[in-house]
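Visitor:
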Amino acid sequence: MKFRPHHPQHIAAAKAGFSERTARRMASNRHLAVPPIAIRSRRVADPFDGLWDREMRPMLEAHPGLRPVALLEEMQLRHPDHDWDRLRRSLERRVRTWRVEHGADREVIFRQDHVPGQQALSDFTDMADVGVSIAGQTLDHRLYHFVLAYSAWEHAEPVLGGESFTALAVGLQNALWSLGGVPAEHRSDSLSAAFRNLDDDARVDQTRRYEALCAHYEMTPTRNNTGVAHENGSIESQHGHLKRGVAQALLLRGSVDSRASMPIVSGSPT
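Shown next, in the form of C-alpha cells:
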C-alpha cells in the first residue's frame, strides 16, 4: 500500500478504497501485501559533469527568464570541450523541471461555469484587418458586439468612429430588443477607450448614465478588472468567429468593396 508509509492504517485503507479490516489482512498476509517499490538510483553519470549545480542553476536563480537555448549558448562559450548540441534536450528537461519546482508562481485561472440567462457581455472590435471599403474608400469602422455567455447568442452592428458611451448604449438597446429579453447581469470592459478624452466630471457622468441604462433594463452592471483579459474571454473568442465569418462572406461575394451601407448583423451563431 503506497499510502501506508505516510498515514495510519485506517486512513491509508480509506485512501486506497477498502476497509481497515482488509488492510490488516493484507498487512498480515505476505502473499497479499504489496512489495515495497525499490527506489531507482541514477544508472548513468551526470551528463553535465556537475556544471548544472556549479554554473547553470545559479544563472537561472539570478535570471529566471533565461531560455534554455541562451543557457546552452553561454555554456558553449564557457566550456567548448563539451558536446552541448548532444545535451540540448537534457538541458531543456532540466530547466523545465527546475522551473516547476523553483520558478515563479503561475496565475491560477478557474474555469467559469455560466448560468443560462445570467450574463451578457459587450465589447467593441476593430475591423481594419478585414479591409472593407465603400466606393473604393476604406471604411474606418468597428463592430459593437453583444454576446450571451451561456448560449453564445450574439448581436453585432457597425460603429462609424471610435468607442463611446453612445455607441455602447445604442448597440446594447438594439441587442436587447433583438433578443426579446434581458440577462441578469451585463458586463463590459473598463470603457477606458470611451473615457480616454474626457475629464473627470464627464467620466463620472458617463458612468452614471451607464448604470442608469442598466437599471432601466433591470440588469446588474459589472466591469472587467483592468489588466485581467481572461475575464472577457466569452466575448473575445466570439470576436474572432464573427470577424472570420464576415471575411468569409466577403470572400464568397468576391469583393470587399460595396456601394451600399453595411447591414446590421445579429442572431445566433451558425
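If you read the sequence shown in this note's numbering, its first letter stands for residue 34, the second for the next number, and so on.
Backbone N, C-alpha and C fix where the C-beta goes; we use that ideal spot for every residue, glycine too.
To the nearest whole angstrom, what separates the beta carbons of P216 and G150, a pair I think is in contact under 8 Å?
Guide: 6 Å
Visitor: What distance in whole Å lies between the Cβ atoms of R256 and S221, which are believed to be in contact at a cut-off of 8 Å?
Guide: 6 Å
Visitor: For G213 and W186, what's the separation of their Cα atoms in angstroms?
Guide: 12 Å
Visitor: Reducing DSSP to helix, strand and coil, say where Y243 ends up.
Guide: helix
Visitor: Report the residue from M59, V128, H174, R111 whose alpha carbon sits nearest the alpha carbon of E196.
Guide: The candidate whose alpha carbon is nearest that of E196 is H174.
Visitor: Determine whether the beta carbon atoms of A153 and L181 lie at a separation below 8 Å.
Guide: yes
Visitor: Taking the alpha-carbon of L205 as reference, which of P254, A280, L284 has the nearest alpha-carbon?
Guide: P254
Visitor: Look up Q109 in the DSSP assignment and say whether it is helix, strand or coil.
Guide: helix
Visitor: In angstroms with no decimal places, state the Cα-to-Cα distance between L201 and F179.
Guide: When only Cα atoms are considered, L201 and F179 end up about 10 Å apart.
Visitor: Where does E190 land, buried or exposed, given buried means 16+ other C-beta within 10 angstroms?
Guide: Burial call: buried.
Visitor: Using the C-alpha atoms, what's the distance from V148 back to T158?
Guide: 25 Å
Visitor: Assign L124 to one of three DSSP states: helix, strand, or coil.
Guide: Note: L124 maps to helix in three-state DSSP.
Visitor: To which residues of the same chain is V298 closer than 6 Å at the C-beta, ignoring the five residues directly before and after it?
Guide: For V298, the predicted structure reports a pLDDT of 44, less than 50, and the residue's modelled location is therefore unreliable. The matter cannot be settled from this model.
Visitor: Can you check DSSP and say which residues form a bridge with E190?
Guide: In DSSP, E190 forms a bridge with Y177.
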